[in-house]
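Asks: Each residue of the sequence shown is one higher than the one before, counting from 3 in the numbering used here. Structure below; questions to follow.
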Amino acid sequence: MKVFVTGGAGYIGSVCVEELLNAGHQVTVYDDLSEGHRSAVAPRATFVHAQPDEPGNIAAAVKSAQPEAILHFAANALVGESMTNPGKYFRNNVYNALQLADAAVENGVRKFVFSSTCATYGPPDRVPMTEDLPQRPINPYGESKLMFEKILLWYQQIHRLEFIAFRYFNAAGASEKLGEHHRIETHLIPNVLKVALGQATHCEIYGTDYPTPDGTCIRDYIHIRDLAQAHILGLAPGRSGFYNLGNGDGYSVRQVIQTCEKVSGKAIKAVEKPRRPGDPPKLVASADKAIKELGWRPQFPKLEDIVATAWAWHVRHPDGYAD
Ligand code: UDP
C-alpha cells in the first residue's frame with residue numbers, strides 16, 4: 003500500500019515506518035522535525051520536511067503522495083506541557099489534524115489511522131479499561147485527542163472516511179535501530195535510565211500520595227514495536243473503530259525505577275517531588291478488543307523486556323540521534 007505517515011521521524015512513528023517498510027508498504031514521511039530526527043527516518047522512505055501549520059502544506063503533500071492510507075502520529079503529547087500551554091495542543095492536535103482529514107477526503111484516501119491516547123479517558127471508573135468507558139479527560143492533551151476522535155466519527159459518517167483510532171497507553175522500549183530521544187525528556191523510563199547511564203545524578207518521582215499501593219502513579223507500558231504491529235493490522239480493509247493498546251499490567255513509578263535498576267545493574271537515586279498537574283493516578287488497559295478483533299499479539303509484554311530494549315538502545319546511543 004502507499005502510506006503517508008505524519009510524525010514518521012518521531013519516536014513511535016519512526017518504528018512504525020520501519021515495520022511498514024519491512025511489510026512491503028511504500029512510505030512517505032511528513033514531519034516538521036520539531037520533535038523527530040531526520041536520521042530516524044529509514045532511507046527507503048520518501049521524506050517531506052514541512053511545517054503543518056503553513057496553509058496548503060499538508061494538502062499539497064497528500065495530493066502529491068496520493069496515498070491509500072494515512073497514519074497520523076504527529077502531535078504534541080506531553081500532559082504536563084498541555085496544562086501550561088493548552089493552545090499549542092488544540093492548534094496542533096486538532097486544527098492541523100483537521101487539515102489532514104480534509105486532505106484525506108479530497109484525495110480519496112481509503113483509511114485514516116489515528117494515534118489517540120488513554121489520556122482521553124481521564125481517571126477511569128474501573129481498570130482494566132475497556133473502550134466503552136466514559137471519556138472525561140483531565141488535561142488539554144487528552145481533550146485535544148478526544149476532539150479529533152469525534153471529528154473522525156463525523157468524517158466517517160458523512161464523508162465515508164474509514165478510520166481506526168488506537169488509544170495508546172505508555173509507549174516504551176526501542177527497536178534494534180530506533181529509540182526514544184526527545185530534545186527535552188519528560189518521560190519516566192528514559193529519565194530513569196539517564197541516571198543509570200551516569201548522565202543525571204537522580205530521577206524524580208512526581209507524587210507519592212496517590213491512592214495506589216506505594217503512593218505513586220500506575221501506568222501500563224507497551225513496547226513500540228507492538229504498537230507498530232497493531233498499525234499494520236489496522237490497515238486491513240474494514241477494520242475501524244477505537245482500540246486500546248496496552249499490556250493490561252500496571253506498574254507504579256517506583257516499580258519502574260526498580261526494574262530499571264535490575265536491567266541496568268546500577269543503583270538509581272530517586273527524589274520525591276509533588277504531583278505533576280494533569281496526571282490520573284492509575285491507567286491500565288484492557289486490550290482484549292484489539293486481541294480478538296485485529297489478531298494483535300504483543301511480543302514484548304513484560305516490563306523488564308521492554309526496559310531491556312530501551313537500555314540496550316541508550317547504551318549504544320548515549321547521546322541519542324546526532325540531529
Ligand atoms: N513521572 C515521574 N518522573 C518523571 C517522569 C514521569 O514520576 O521524571 C511519572 C508521571 O507523573 C506519570 C508516570 O511517571 O505518573 C508516567 O509519565 P510519563 O511522562 O512517562 O508518561 P504519561 O503517563 O504522562 O504519558
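Backbone N, C-alpha and C fix where the C-beta goes; we use that ideal spot for every residue, glycine too. For clarity, every value in this text was computed on a predicted model and none was experimentally measured.
(1) Is it the case that the Cβ atoms of Tyr-223 and Ala-174 are separated by a distance below 9 Å?
(2) Within the stretch 71-136, note down every full beta strand (DSSP E) run reaching 3 residues or more, in order along the chain.
(3) For the ligand UDP, any of its heavy atoms closer than 8 Å to the Cβ of Arg-46?
(4) Regarding Asp-281 and the ligand UDP, is the C-beta to nearest heavy atom distance less than 8 Å?
(5) CB of Leu-285 to nearest heavy atom of the ligand UDP: below 8 Å?
(6) Going by Cα to Cα distance, which pick from Ala-202, Ala-176, Arg-221 is closest to Trp-313?
(7) Could you pull the start and end residues of the alpha helix (DSSP H) that Phe-302 belongs to?
(8) Once you ignore the five residues that flank Asn-87 on each side, which residues in its own chain have a CB closer than 8 Å to its CB?
(9) Going by DSSP in three states, Leu-285 sits in which element: helix, strand or coil?
(10) Quick check on DSSP: helix, strand or coil for Cys-205?
(11) With distances taken Cα to Cα, identify the nearest neighbour of Ala-105 among Ile-234, Ala-289, Ala-62.
(12) Under the criterion of a Cβ to heavy atom distance below 8 Å, does Ile-262 qualify as lining the ligand UDP?
(13) Let's see if you can read the secondary structure: which residues bound the beta strand (DSSP E) around Lys-4?
(14) Give the single residue among Val-19, Val-273, Val-5, Lys-4 whose Cα lies nearest to the Cα of Ile-226.
(15) How far does the alpha helix (DSSP H) with Phe-150 in it extend, from its first residue to its last?
(16) Verify whether the separation of the beta carbon atoms of Arg-169 and Leu-247 is less than 9 Å.
(17) Any residue with its Cβ nearer than 6 Å to a heavy atom of the ligand UDP should be included. What is that list in chain order?
(18) Are the stretch 256-265 and the stretch 129-143 touching, with three or more C-beta to C-beta distances below 8 Å?
(19) Helix, strand or coil for Ser-177, going by three-state DSSP, please let me know.
(20) Does Tyr-212 come out as helix, strand or coil in the three-state DSSP assignment?
(21) Given this structure, state the Cα-to-Cα distance separating Ala-202 from Val-194, to the nearest angstrom.
(22) With a cut-off of 8 Å on the beta carbons, I'd call Ala-289 and Gly-250 a contact; round off their distance for me.
(23) Can you tell me where the beta strand (DSSP E) holding Thr-48 begins and where it ends?
(24) Identify whether Ser-254 lies in helix, strand or coil by the three-state DSSP scheme.
(25) For a test of the three-state rule: what should DSSP assign to Ile-186, helix, strand or coil?
(26) Leu-23: which of Met-3, Asp-33, Tyr-32, Tyr-13 sits nearest, CA to CA?
(27) Evaluate Arg-46 with the Cβ neighbour count: other Cβ atoms within 10 Å of its Cβ, from every protein chain shown; 16 or more gives buried, anything less gives exposed.
(28) Just to confirm, is the Cβ distance from Phe-165 to Phe-114 under 9 Å?
(29) Which residues in the same chain have their Cβ closer than 8 Å to the Cβ of Ala-232, if we skip the five residues on either side of it in sequence?
Replies: Taking the structure as given:
(1) yes
(2) 71-74, 113-119
(3) no
(4) yes
(5) yes
(6) Ala-176
(7) That residue, Phe-302, is in no alpha helix (DSSP H); it is neither H nor E in DSSP.
(8) none
(9) coil
(10) strand
(11) Ala-62
(12) Strictly speaking, residue 262 in this sequence is Cys, with Ile absent from that position. False, no ligand heavy atom lies under 8 Å from that Cβ.
(13) 4-8
(14) Val-19
(15) 142-161
(16) yes
(17) Val-81, Asn-172, Thr-188, His-189, Leu-190, Asn-193, Cys-205, Glu-206, Ile-207, Tyr-208, Cys-219, Arg-221, Val-255, Arg-278, Asp-281
(18) no
(19) coil
(20) coil
(21) 9 Å
(22) 6 Å
(23) 48-51
(24) strand
(25) coil
(26) Met-3
(27) exposed
(28) yes
(29) Phe-168, Tyr-245, Leu-247, Ala-292, Leu-296, Trp-298
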